[in-house]
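S.K.: First residue of the sequence shown: 0, per numbering that gives the first Met the number 0; consecutive thereafter. Cβ coordinates follow ideal geometry from the N, Cα and C atoms, glycine included.
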Amino acid sequence: MTVRVNGEDRDLPEATSISSLLEQMRLKPQNVAVELNRRLVRSEKYETPLRAGDEVEVVTFVGGG
């Protein structure tokens, strides 16, 4: 299935979850914010399966001072 991730189309296996996508991207769930179809997703919902045509935005937190 094709899902748009951060503005780029990406082919993913059917029923890939947000959590699985983050793992593929080598990102830690506690260090990101995820938006699915323009709605913020709480981390407890990261097992939600993605569907063809979904749009996902992943923003990473960067520390500094």
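Please say whether Asp8 and Leu35 have beta carbons closer to each other than 9 Å?
M.R.: The sequence position of residue 35 within the sequence shown is 36, counting from 1. The sequence position of residue 8 within the sequence shown is 9, counting from 1. In this structure, Leu35 sits away from Asp8, with a CB-CB distance that is not shorter than 9 Å.
S.K.: With distances taken between CB atoms, is the gap from Leu20 to Val40 smaller than 9 Å?
M.R.: Numbered from its first residue, the sequence shown carries residue 20 at position 21. Numbered from its first residue, the sequence shown carries residue 40 at position 41. Their beta carbons are not under 9 Å apart, which means Leu20 does not touch Val40 by this criterion.
S.K.: Looking only at its chain, what residues have a beta carbon closer than 7 Å to the beta carbon of Asn5, apart from the 5 residues adjacent to it on each side?
M.R.: Sequence index remark: in the sequence shown, residue 5 carries index 6 (1-based). Within the same chain, Asn5 has close Cβ partners Glu56, Val57.
S.K.: Check whether the Cβ atoms of Ser16 and Thr47 sit closer than 9 Å, and answer yes or no.
M.R.: As a working note, residue 16 is residue 17 in the sequence shown. As a working note, residue 47 is residue 48 in the sequence shown. It is a contact, given that the beta carbons lie within the stated cut-off.
S.K.: Look up Leu11 in the DSSP assignment and say whether it is helix, strand or coil.
M.R.: If you number the sequence shown from 1, residue 11 lands on position 12. It is coil, neither helix nor strand.
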